[in-house]
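Q:
Protein chains in written order, with my numbering: chain U, 1 to 321; chain X, 1001 to 1365; chain Y, 2001 to 2345.
1) Looking at residue 2251 (chain Y): is its Cβ nearer than 7 Å to the Cβ of residue 2178 (chain Y)?
2) In chain order, what residues of the same chain have a beta carbon less than 6 Å from the beta carbon of residue 2101 (chain Y), not counting five sequence neighbours either side?
3) Which residues, taken in chain order from the region 124-153 of chain U, show a beta carbon closer than 8 Å to some beta carbon of chain Y?
4) Near residue 1255 (chain X), which residues of its chain fall below 6 Å by C-beta distance, leaving aside the five closest residues on each side in sequence?
5) Quick check on the burial criterion: 16 or more other C-beta atoms within 10 angstroms. Buried or exposed for residue 1088 (chain X)?
6) Leaving out five residues before and five after residue 1021 (chain X) in sequence, what residues of the same chain have Cβ atoms less than 7 Å from its Cβ?
7) Is it right to say residue 2341 (chain Y) is buried, meaning 16 or more other beta carbons lie within 10 angstroms of its own, or is it exposed?
8) Kindly list the residues whose CB is nearer than 6 Å to the CB of residue 1111 (chain X), restricted to its own chain and excluding five residues on each side of it in sequence; keep chain order.
9) Could you work out which residues of chain X lie near residue 2206 (chain Y), taking near to mean beta carbons separated by less than 7 Å?
10) Which one or two residues does DSSP pair with residue 1034 (chain X) in a beta bridge?
11) Under 7 Å between C-beta atoms, does residue 170 (chain U) make it to chain Y?
12) Could you give the residue range of the beta strand (DSSP E) that holds residue 1184 (chain X)?
13) Contact criterion: CB-CB distance below 7 Å. Does residue 2099 (chain Y) meet it with respect to chain X?
14) Does the beta carbon of residue 2200 (chain Y) sit closer than 7 Å to a beta carbon anywhere in chain X?
15) Tell me the residue span of the alpha helix (DSSP H) that contains residue 2272 (chain Y).
16) I'd like the span of the beta strand (DSSP E) that includes residue 1236 (chain X), first residue to last.
17) Is the region 2228-2248 of chain Y touching the region 2186-2197 of chain Y in the sense that three or more CB pairs, one from each, lie closer than 8 Å?
18) Given that a residue counts as buried once 16 or more other Cβ atoms are within 10 Å of its Cβ, and exposed if not, what is residue 1229 (chain X)?
19) Per DSSP, what kind of secondary structure is residue 2302 (chain Y) in: helix, strand or coil?
20) Find the residues of chain Y that neighbour residue 1128 (chain X), judging by a C-beta separation of less than 9 Å, and give them in chain order.
21) Are at least three pairs of beta-carbons, each pair with one atom in the region 2203-2221 of chain Y and one in the region 1059-1073 of chain X, less than 8 Å apart?
22) Assess, as a yes-or-no matter, whether the region 181-200 of chain U is touched by the region 256-265 of chain U under the definition of 3 or more beta carbon pairs within less than 8 Å.
23) How far does the beta strand (DSSP E) with residue 1245 (chain X) in it reach, from first residue to last?
24) Does the Cβ-Cβ distance between residue 293 (chain U) and residue 254 (chain U) come in under 7 Å?
25) Any C-beta of chain Y sitting closer than 7 Å to the C-beta of residue 262 (chain U)?
26) Quick one: grab the DSSP three-state call for residue 2255 (chain Y).
27) Applying the criterion that 16 or more other CB atoms from any shown protein chain within 10 Å of the CB defines a buried residue, is residue 2147 (chain Y) buried or exposed?
28) Would residue 2059 (chain Y) and residue 2113 (chain Y) be called neighbours here (beta carbons separated by less than 7 Å)?
29) Excluding sequence positions up to five away, which residues of its chain have a Cβ less than 6 Å from the Cβ of residue 1249 (chain X)?
30) Going by the beta-carbon positions, is the gap between residue 1165 (chain X) and residue 1182 (chain X) smaller than 7 Å?
31) Check residue 1219 (chain X) in the structure and name its three-state DSSP category.
32) For the region 150-165 of chain U against the region 2255-2263 of chain Y, do three or more pairs of beta-carbon atoms, one drawn from each stretch, fall closer than 8 Å, so that the two count as touching?
33) Would residue 2064 (chain Y) pass as an interface residue toward chain U - the criterion being a Cβ-Cβ separation below 7 Å?
34) Output needed for residue 100 (chain U): all residues of its chain with C-beta closer than 6 Å, excluding positions within five of it in sequence on either side, in chain order.
35) Which stretch, first to last residue, makes up the beta strand (DSSP E) that contains residue 2176 (chain Y)?
36) Going by DSSP, what residues sit across from residue 2073 (chain Y) in a beta bridge?
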């Protein structure tokens, strides 16, 4: 039963966090001079007429706390505002742009976890072998490279030569899974690798280190002395213990993940919410940015709860707290 | 037998109680119980003398020491140092008092900051209380080093470059820097080799003579305590079981626990060893969170009777009543009943020549 | 005979060591430096780092030598017939030109200034903040710790892009904004480590000893705890510098950081995206410089960490001994067989 209390507590905290983030975003933007705000809401190309329209329509002249109240009210009803620039409501826009982002995140996370853990485990079990040394070097290079450099490299070294020789399967841009699975993978492969590369390096190093430490523990020696086959020793005992810090690290990294997502979307032109938000900055398109901020907060909170639950499953000591 | 007059009493501990709360989680953390570390202890430390405090792990002796040193707040009771109750003092008021009470710690390896040079460690008291600076401070530090038997030229070395015994001397020098009145020694030689123990103990004795220091000496090794103390108090599970001048305690132990402790200490003389009755206590030390009812020792005591599990015996001066009846007298804080009083908290204290199981029901091997 | 009746010569046995000039103990730093010096990889990394810093500082010298100021565009010499950048070693451009015909090498070096400045200064400030906050949280405990620790965790988990976007929108992108952002996100990692270490150091006996001497909390934090912390802090800081550099590059790449025409490796690489088909050098060289810089810092950080951790020393020593023993063994066997051969002969 304690676990139910735990989940409830986390959800409540999560709601508080999202609310806090939304409020901070609101005050950050709407506490500025009215015309600046109006211009941003209307879009760069707006005429003074439109701006005045915006001011009256959105009640920007009202006291800030009234505006805040309306804002919260809208938020609870799922209404994120209205982009005058494109004449669309923000949440429709974001909903459209969600699929590329979601595909990228899911594929990327799976790829990095698999590669990171696999390479880490193999390196640890074959410490100081050629494989280990090679992967150590690769990890170091991977850690030092910014995501966008990897992306650009992949484009110029993999995509372009292939493409210009007629091999068009690998492509930039986004192709939904509904328009063909093959084409979906062709478009997503390089982005996934790009997103996963740096994180895989981090997790390889992390899991290798953890596993090496765990393998040195006495209870592993006992297991071996009992005559258990090595594979069983490693997988049933050592890996489980070594995984827990990796999982907790995952919680922290979720936040950083969003940064990578934005960059990869921009480099490969995937058009997900990340890329759209960056464009919104250039266009001074305020509602989109606020919408992105709130969705990002929501995403981080939810994934943190999920990660914590997974962690609690792995490590029985944690459960009740 | 004159009672200890206030003149020669340096520290008077009155009914000291220290509980540590045990918290449990759940939605809101709350206190589910208390560790009864020190449960109504009264003691006296005389000027220029050493009070030895003996007990097992968990008896509360270290906690008591820290309460006397003012390092941890007390739950209730008083610690009267030189006439002032230090339990009520604010941190600011405590500060000048710190010059008068110092501690020497058990582990020579972790009681010195490994990243600081020895000169800086010993000189720290001067720096904190602003009593000496610069060249003068260095001079005093080197003087101290010499006094405790260290080479003053090692002023700039790190603790890692010294042996265990030398490190303990550094600790002594540090404690001595401001000429305190009381030094609380928390098992200062337990972590040292036996031959080195002798040197450090001799040093402490010399310093006591030279500077008129009082010591509260805590240990679990009876032979060590016997050598250094003037009076000894035996603690069990947060209470004082027995308190007496040194030789009295060792030749005529009254509390069954003391008897058992003494029997366990190896005797160097084979004749004494043969004559001694080996007492083996059954059972584990009970938990200090829920101490046993009545006398705390009764579950393990070979002479326990029914009353021992019901009524807690008071610490009273011992009168030889033949071993059956409760000793008479008013409960007394050591040593208000007399400077040489031998106090015991037991319903059936062991009389001279009595075997431990005499008054009791259980026979032991 | 009780143990104390055995008299040892106190001064003789223990404290007596060859007395001569006052001996200074070797501090932790001197030992670390010696270990670091013997690690070839770390030394190379250190040299590279120093080299980068020097290059960045003397960037104007390169501008002077090549006669190409950093923002001067050369549409005639700097671009070929199709209006595209020219390659390395053409027309006096050592590394070629960028999209508007500016000298790439000079711009890269000026970009190095920004990257290194941002990286080092932000990390430095972040370390300062992180250590202070971590120390206070770890030492004081209680409600101060709860507040600070929660705050630190919140900052750590916070997606930086979101804040970068928001700030860039609200105040416009600039160098100050970047530095604030990077510092803001770096201090939390350091604070967390410092707090953890402080929590464990706080329980040590020498801290209790300091309290019993009457030392106040700040004295204990900065004179007793901090020296024991500097080692891990230094390692973490050295590893945060390349992160800061990458951070700046990423933000500039996204257009949220340094704006053109001011050169930053990030915005140069952003521009280079559009030209990779015709001007590989525009993509390659800034990327190489960026990569080498971050790699060097990372290697250096790893090296410092290994140099501070005597555990690796034991591993290295064990390896050396094993090798020596194996050599001896084979030498012995060789000797034996030689003897046998002699006898048989």
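Positions of the beta carbon are idealized from the N, C-alpha and C atoms, including for glycine.
For clarity, every value in this text was computed on a predicted model and none was experimentally measured.
A: Walking through what the data contain:
1) Counted from its first residue, the third chain places residue 2251 (chain Y) at position 251. Counted from its first residue, the third chain places residue 2178 (chain Y) at position 178. In this structure, residue 2178 (chain Y) lies closer than 7 Å to residue 2251 (chain Y) by Cβ.
2) By 1-based counting over the third chain, the position of residue 2101 (chain Y) is 101. If we look at residue 2101 (chain Y) and ignore the five residues flanking it on each side, its Cβ neighbours are 2073, 2074, 2075, 2078, 2079.
3) Identification of residues in the region 124-153 of chain U having a C-beta nearer than 8 Å to some C-beta of chain Y yields 140, 141, 143, 144, 145, 146, 147, 148, 149, 152, 153, given in sequence order.
4) The residue you call residue 1255 (chain X) lines up with position 255 of the second chain. For residue 1255 (chain X), where only same-chain residues beyond five positions count, the Cβ hits under 6 Å are 1241, 1242, 1344, 1346.
5) For the purposes of this step, residue 1088 (chain X) is taken as residue 88 along the second chain, with counting starting at 1. Residue 1088 (chain X) is exposed by the Cβ-count criterion.
6) For the purposes of this step, residue 1021 (chain X) is taken as residue 21 along the second chain, with counting starting at 1. 1031, 1034.
7) Residue 2341 (chain Y) sits at position 341 when you count from the first residue of the third chain. Result: exposed.
8) Within the second chain, residue 1111 (chain X) is the residue found at index 111, counting from 1. Hits under 6 Å: 1105, 1171.
9) Along the third chain, read from residue 1 onward, the residue named residue 2206 (chain Y) stands at position 206. In chain order: 1110, 1111, 1112, 1113.
10) Indexing the second chain from 1 puts residue 1034 (chain X) at position 34. The partner list for residue 1034 (chain X) (beta bridge, DSSP) reads X:1021.
11) Here residue 170 (chain U) is taken as the residue at index 170 of the first chain, counted from 1. Residue 170 (chain U) does not count as touching chain Y.
12) By 1-based counting over the second chain, the position of residue 1184 (chain X) is 184. Residue 1184 (chain X) -> beta strand (DSSP E) spans 1182-1186.
13) By one-based count along the third chain, residue 2099 (chain Y) stands at place 99. Taking Cβ atoms only, chain X never reaches closer than 7 Å to residue 2099 (chain Y), which makes this a no.
14) The residue labelled residue 2200 (chain Y) in the question sits at position 200 within the third chain. With 7 Å as the cut-off, residue 2200 (chain Y) does not count as an interface residue toward chain X.
15) What you label residue 2272 (chain Y) is simply residue 272 of the third chain in a count that begins at 1. From DSSP, the alpha helix (DSSP H) with residue 2272 (chain Y) extends over 2265-2272.
16) Translated into positions along the second chain, residue 1236 (chain X) becomes position 236. Going by DSSP, residue 1236 (chain X) is part of the beta strand (DSSP E) stretching over 1231-1236.
17) yes
18) If you number the second chain from 1, residue 1229 (chain X) lands on position 229. So residue 1229 (chain X) ends up on the buried side.
19) Against the third chain, residue 2302 (chain Y) aligns to sequence position 302. Three-state result, residue 2302 (chain Y): helix.
20) Along the second chain, one-based indexing puts residue 1128 (chain X) at 128. Ordered by position in chain Y, the residues that pass the 9 Å Cβ test against residue 1128 (chain X) are 2210, 2213, 2214, 2215, 2216, 2219.
21) yes
22) yes
23) As a position in the second chain, residue 1245 (chain X) is number 245, starting the count at 1. Here the beta strand (DSSP E) through residue 1245 (chain X) covers 1239-1245.
24) Taking the first residue of the first chain as position 1, residue 293 (chain U) is located at position 293. Taking the first residue of the first chain as position 1, residue 254 (chain U) is located at position 254. Contact flag unset, no.
25) In the first chain, residue 262 (chain U) corresponds to position 262, counting from 1. Chain Y, which has a Cβ nearer than 7 Å to the Cβ of residue 262 (chain U), makes this yes.
26) For this step, residue 2255 (chain Y) is matched to residue 255 along the third chain. In the three-state DSSP reduction, residue 2255 (chain Y) falls in the coil class, being neither helix nor strand.
27) Counted from its first residue, the third chain places residue 2147 (chain Y) at position 147. In summary, residue 2147 (chain Y) is exposed, with fewer than 16 beta-carbon neighbours lying within 10 Å of its beta-carbon over all protein chains present.
28) Counting from 1 along the third chain, the entry for residue 2059 (chain Y) is found at position 59. Counting from 1 along the third chain, the entry for residue 2113 (chain Y) is found at position 113. Yes, they are a contact pair.
29) Translated into the one-based positions of the second chain, residue 1249 (chain X) becomes position 249. These residues qualify, in order along the chain: 1232.
30) Start at 1 with the first residue of the second chain, and residue 1165 (chain X) comes out as number 165. Start at 1 with the first residue of the second chain, and residue 1182 (chain X) comes out as number 182. Not closer than 7 Å, so no.
31) Mapped onto the second chain, residue 1219 (chain X) falls at position 219. Residue state, collapsed to three classes: strand.
32) no
33) Within the third chain, residue 2064 (chain Y) is the residue found at index 64, counting from 1. So, not an interface residue.
34) Here residue 100 (chain U) refers to the residue found at position 100 of the first chain. So the list reads 174, 270, 271, 272, once near-sequence residues are dropped.
35) As a first step, residue 2176 (chain Y) must be located in the third chain, where it is residue number 176. Taken as a continuous stretch (DSSP letters only), residue 2176 (chain Y) belongs to no beta strand (DSSP E), being part of the alpha helix (DSSP H) at 2175-2202.
36) Position 73 of the third chain, counting from 1, holds the residue named residue 2073 (chain Y). According to DSSP, residue 2073 (chain Y) bridges with Y:2102.
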